[in-house]
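Down below is the structure, laid out as structure tokens.
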Amino acid sequence: MTEAPVRTNNRLDVKRVLVYSDDASTRRQIIAALGDFPPDGLDPFLYVEVATGPGVIREMDAGSIDLVILDGEAAPAGGMGIARQLKDEIDDCPPIVLLTGRPEDRWLAAWSRAEAVVPRPIDPFALTKAVVTVLRTSS
């Protein structure tokens, strides 16, 4: 049985997860792979879907994002470049998980300074493991 989110100070304790891809089906796959209630006792996820690079920057400027998942294959603004920009411009940048088109792109992902890299096609187990690991090490 899943427990309901806990209300503290008039808000639910949730992890706000920004999901960026220019492809709506990719965003849906990411959200479906992770679900609303992560394993291992983490707070429930509340997703913020974004389809454009400027939208990512706008949401990050607004604050309250706990995790960023970026599609490295998005166009015209790729997730690798956006990740690098966020790391350069935000002092306390939340952790970033980057989806790459192929495992060989890992070196480019290292340039982006993302905390985790998950190759496509999206494997729900690999994505969940990366997200849980990143959230636990960043807390």
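Under the working numbering, think of the first position of the sequence shown as 7, with each following residue one higher.
C-beta: ideal position from N, C-alpha, C; glycine also.
Cα separation between residue 74 and residue 27?
Answer to the nearest angstrom: the Cα atoms are 11 angstroms apart.
To the nearest angstrom, how far is it from the Cα of residue 25 to the Cα of residue 33?
If you take the alpha carbons of residue 25 and residue 33, they lie about 6 angstroms apart.
Under the three-state reduction of DSSP, which class applies to residue 13: helix, strand or coil?
In this predicted model, residue 13 has a pLDDT of only 40, less than 50, meaning its place in the structure is not dependable; the value taken from the coordinates is given anyway. Looking at residue 13 - three-state DSSP - the assignment turns out to be strand.
Check this for me: beta carbons of residue 21 and residue 43, under 7 angstroms apart or not?
No, these two residues do not count as a Cβ contact at 7 angstroms.
If you follow the alpha helix (DSSP H) that residue 131 is in, where does it begin and where does it stop?
It spans 130-144 - the alpha helix (DSSP H) in which residue 131 sits, taken as one unbroken run.
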